[in-house]
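In UniProt numbering, the protein residues as written are 1 to 298. Where a beta carbon is used, it is the ideal one built from N, C-alpha and C, also for glycine. Being a predicted model, the structure only gives us computed values, none of them experimental. Everything on this sheet refers to the single structure shown next.
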Amino acid sequence: MKTATPKMTTSRFKAGMTGWLFISIAVIMIAAFYFYPMIQALILSFKTGTGSNLTFNGIDNYKRLFTDSMFITAVKNTFIYLIFQVPLMVILALFISVLLNDKNLKFKGFFRTAIFLPCITSLVAYSVVFKYLFSADGLVNSLLLNLHVIGTPIQWITDPFWAKVTIIIAITWRWTGYNMIFYLSGLQNIDSSIYEAARIDGASPIRQFFNITVPLLKPIILFTSITSTIGTLQLFDEIMNITKGGPGNATSSISQYIYNLSFKYSSDFGYAATVSYSIVIMIIILSIIQFKVAGEKK
Numbered sequence: 001m002k003t004a005t006p007k008m009t010t011s012r013f014k015a016g017m018t019g020w021l022f023i024s025i026a027v028i029m030i031a032a033f034y035f036y037p038m039i040q041a042l043i044l045s046f047k048t049g050t051g052s053n054l055t056f057n058g059i060d061n062y063k064r065l066f067t068d069s070m071f072i073t074a075v076k077n078t079f080i081y082l083i084f085q086v087p088l089m090v091i092l093a094l095f096i097s098v099l100l101n102d103k104n105l106k107f108k109g110f111f112r113t114a115i116f117l118p119c120i121t122s123l124v125a126y127s128v129v130f131k132y133l134f135s136a137d138g139l140v141n142s143l144l145l146n147l148h149v150i151g152t153p154i155q156w157i158t159d160p161f162w163a164k165v166t167i168i169i170a171i172t173w174r175w176t177g178y179n180m181i182f183y184l185s186g187l188q189n190i191d192s193s194i195y196e197a198a199r200i201d202g203a204s205p206i207r208q209f210f211n212i213t214v215p216l217l218k219p220i221i222l223f224t225s226i227t228s229t230i231g232t233l234q235l236f237d238e239i240m241n242i243t244k245g246g247p248g249n250a251t252s253s254i255s256q257y258i259y260n261l262s263f264k265y266s267s268d269f270g271y272a273a274t275v276s277y278s279i280v281i282m283i284i285i286l287s288i289i290q291f292k293v294a295g296e297k298k
């Protein structure tokens with residue numbers, strides 16, 4: 001049995017220090033730009049005042065959340081988007097990925113690229129385009145009128161119900177392709193012999209989908225569900241650029257309310273930080289629920 005010599009120990013120490021040197025830059029950057037702002041925001045959430053004139057007020061900001069009608073409205077709107085948009089986007093992305101994973105399908109590369117492209121477009125640009133498409137005299141209403149689907153133009157932007165529908169359509173259009181890529185990568189890692197054995201046993205395509213595809217993609221489905229939930233709770237760009245939270249705060253989101261508290265109203269940064277941390281709490285709770293529902297223990 002060999003014993004470690006001083007020379008070997010020195011070389012191991014140098015190798016270890018070299019490794020730490022490489023990761024130290026990333027650790028410092030993450031600490032400076034992620035953890036430090038998070039801690040400062042947490043401290044800020046216990047203060048009150050306008051601008052930089054802040055004083056400590058304990059948990060009063062957190063108590064205020066439960067009596068703030070504007071915050072409650074923003075939470076309700078955000079959860080409406082969450083309840084309808086996330087399942088729709090996940091199911092649609094899964095369905096499209098299964099279709100585009102077919103070996104006999106021609107021009108697969110074109111279709112995959114076309115569906116993925118929306119998620120790399122500018123948030124502001126695509127939101128503005130949607131605003132004009134769904135305006136009272138926009139292309140969508142013109143098309144529906146010409147096809148005699150509707151008799152009068154739908155007020156997509158100015159009606160509380162249809163404004164929410166427009167936001168959900170916009171988010172789904174942008175992010176479905178993003179989730180589709182994860183499902184496609186998962187499908188391509190499933191051994192084709194499993195499907196061949198199922199076909200030999202007489203399993204229909206639908207049964208193969210629910211008994212093979214969905215169970216094997218469960219970790220990816222859980223991942224996309226959580227990331228989509230986080231993205232929806234942080235919804236901001238579409239609201240600001242399509243409806244500006246209107247009509248009458250009918251489409252306002254939590255993130256837009258944080259923006260208004262910080263820059264539009266009286267610059268109450270302390271309470272804005274409190275609202276921000278309410279999103280963190282919601283994300284943690286919903287993520288735990290999704291893990292429990294999916295049966296994931298790790």
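Item                                                                                                                 : Value
T282 and L222 closer than 7 Å at C-beta                                                                              : At residue 282 the sequence reads Met, which differs from the Thr that was named. Result no, Cβ atoms of M282 and L222 do not sit closer than 7 Å.
Spatial neighbours of R199 in its chain, beta-carbon cut-off 8 Å, leaving aside the 5 residues before and after      : Q208
With 16 other Cβ atoms within 10 Å as the buried cut-off, status of L235                                             : buried
Neighbourhood of M70 by C-beta distance below 8 Å, restricted to the same chain and skipping five residues each side : N249, S252 and Y257
Three-state class that DSSP yields for K63 in the structure shown                                                    : helix
Nearest candidate by alpha-carbon position, reference S267, set V27, L54 and F46                                     : L54
Other residues of its chain near T229: CB distance less than 8 Å, five sequence neighbours each side excluded        : L82, V86, I283, L286, S287 and Q290
Cβ contact (3+ pairs, closer than 8 Å) linking the region 171-187 and the region 91-108                              : yes
Inter-residue Cα distance where the pair is F104 and D237                                                            : This sequence places Asn at residue 104; Phe is not what is there. When rounded, the distance between both Cα atoms is 39 Å.
Close Cβ partners of F56 (< 7 Å) along its chain, the five nearest in sequence each way excluded                     : F46 and K47
C-alpha gap between E196 and T213, whole angstroms                                                                   : 13 Å
Limits of the unbroken alpha helix (DSSP H) element including L222                                                   : K218 to L233
For W156, the first and last residue of its enclosing alpha helix (DSSP H)                                           : No alpha helix (DSSP H) contains W156, which DSSP labels as neither H nor E.
Other residues of its chain near K164: CB distance less than 8 Å, five sequence neighbours each side excluded        : N77, I80, Y81, A250 and T251
Beta-carbon gap between S276 and F269 smaller than 7 Å                                                               : no
Whole-angstrom distance between F161 and I190, CA atom to CA atom                                                    : 42 Å
Residue interval of the alpha helix (DSSP H) (run including I281)                                                    : F269 to A294
Runs of alpha helix (DSSP H) lying entirely within the region 118-184, each at least 4 residues, in chain order      : 123-133 and 139-146
Contact check, W173 vs P118, beta carbons under 7 Å                                                                  : yes
For K244, the three-state DSSP class (helix, strand or coil)                                                         : coil
Alpha-carbon spacing of G246 relative to V98, whole angstroms                                                        : 38 Å
Spatially closest choice to A272 from K244, D68, T224 and I226, by CA coordinates                                    : D68
Per-residue burial, V75 [other beta carbons within 10 Å of its own, 16 or more giving buried]                        : buried
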